[in-house]
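Residue 245 in the UniProt record's numbering sits at position 245 of the sequence shown, and the numbers go up by one each step. For every residue, glycine included, the Cβ atom is placed at its ideal position computed from N, Cα and C.
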Amino acid sequence: MTPLLAHTVALVTGASSGIGAATAKALAAHGAAVALLARRAERLRDLQTHIESEGGTALVVPADVTDAGQVSAAVQHAVAELGRLDIVVNNAGLMRMGLATEAPLQEWDELVSVNVNGVLYVTRAALPHLVAAAANSPRGVADLVTISSTAGWVARPGTAVYSLTKFGVNAFSEAIRQEVLGKRVRVGIVGPGTVDTEIFDHLAESSRQAVERQTADMTKLRPEDIADAVLYMVTRDRRVAINQMLVRAAEQTW
């Protein structure tokens with residue numbers, strides 16, 4: 001049986017760990033050649049080895065999503081090496097927490113740079129290739145998926161700027177969806193709830209302890225759960241566009 005994503009090429013940002021790595025594996029397992037984009041090249045090479053050992057195709061394209069030049073070069077390299085670009089998953093992101101009157105301004109700058117500018121730069125570089133792929137794809141469609149957060153729907157104390165970035169990319173994605181109507185590029189957002197990834201390891205100690213208290217009785221989602229959501233989005237018939245999907249842990253209250 002022909003894999004669902006045979007003869008397609010995907011690019012996943014933030015592919016070195018967590019949701020990004022799980023999504024890259026899922027897409028490759030269903031036949032897509034996958035370009036792996038992140039800063040940590042060694043992690044990407046390990047993931048490439050894993051995908052290739054399972055019979056898949058992967059290309060390492062190290063880049064920092066906050067650098068528009070690096071992003072453009074990485075996208076061009078992926079298309080040159082793999083021939084096209086059918087699926088893009090904007091996954092690279094970080095979390096910082098803190099009250100608005102106390103949070104370091106540098107952390108706000110980092111949040112906006114990675115979570116917002118990173119999505120803008122990747123989308124800008126990739127969108128023409130998605131439009132071109134959709135025009136001659138046997139699937140008849142291309143996909144742009146951005147990993148947002150439940151914080152893009154529900155703002156809470158201590159997450160003001162993190163939520164700002166996620167509400168922002170949700171709005172950006174909706175505008176892009178309308179801009180490419182008629183060009184057979186579907187635009188979707190996945191909003192994960194609490195997922196067991198290393199994103200929490202980079203929080204300040206007080207913030208990490210607060211998260212641990214809030215989630216102590218919760219069975220957290222796994223990265224593979226979000227990869228499943230992405231896979232579901234991009235494997236629908238061309239007549240179906242799933243534009244928003246919230247995926248919460250079953251016990252999550254926010």
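In the three-state scheme derived from DSSP, where H, G and I count as helix and E and B as strand, A33 is classed as strand. DSSP, reduced to helix, strand and coil, places I242 outside both helices and strands of the structure shown, so it counts as coil.
When A10, H30, A92 are compared, the shortest CA-CA separation from T2 is found for H30. With 16 or more other Cβ atoms inside 10 Å of its own Cβ, R96 counts as buried.
If you keep only unbroken alpha helix (DSSP H) runs of at least 4 residues inside the segment 24-69, you get 41-53. In the three-state scheme derived from DSSP, where H, G and I count as helix and E and B as strand, A142 is classed as strand.
The beta-bridge partner set that DSSP reports for R186 consists of D143. Here S163 is buried: its Cβ has 16 or more other Cβ atoms, across all protein chains shown, within 10 Å. The way I'd put it, the segment 99-107 doesn't touch the segment 27-47; fewer than three beta-carbon pairs between them come closer than 8 Å.
About 5 Å separates the beta carbon of N170 from that of G152, a gap short enough to meet the 8 Å contact definition.
For L105, the enclosing alpha helix (DSSP H) has its first and last residue at 105-111. The segment 63-82 makes contact with the segment 111-128, as at least three CB pairs between them are under 8 Å.
Here A63 is actually not in contact with G14; their C-beta atoms are around 11 Å apart, not less than 8 Å.
Beyond the five residues adjoining it in sequence on each side, T159 comes within less than 7 Å, by CB distance, of M97, A151 in the same chain, given in chain order. Following the DSSP letters along the chain, one finds T123 inside the alpha helix (DSSP H) bounded by residues 118-136. By the Cβ-count criterion, G20 is buried, with 16 or more other Cβ atoms from all chains shown falling within 10 Å of its own Cβ.
Rounded to whole angstroms, L4 and V161 show a C-alpha spacing of 38 Å. By a beta-carbon distance limit of 8 Å, T8 does not contact A35. Their separation comes to about 12 Å.
For N90, no alpha helix (DSSP H) segment is defined; the enclosing uninterrupted segment is the beta strand (DSSP E) at 87-90. According to the DSSP secondary-structure assignment, L181 is paired through a beta bridge with no residue.
For the pair I51 and A41, the CB atoms are not nearer than the 8 Å cut-off.
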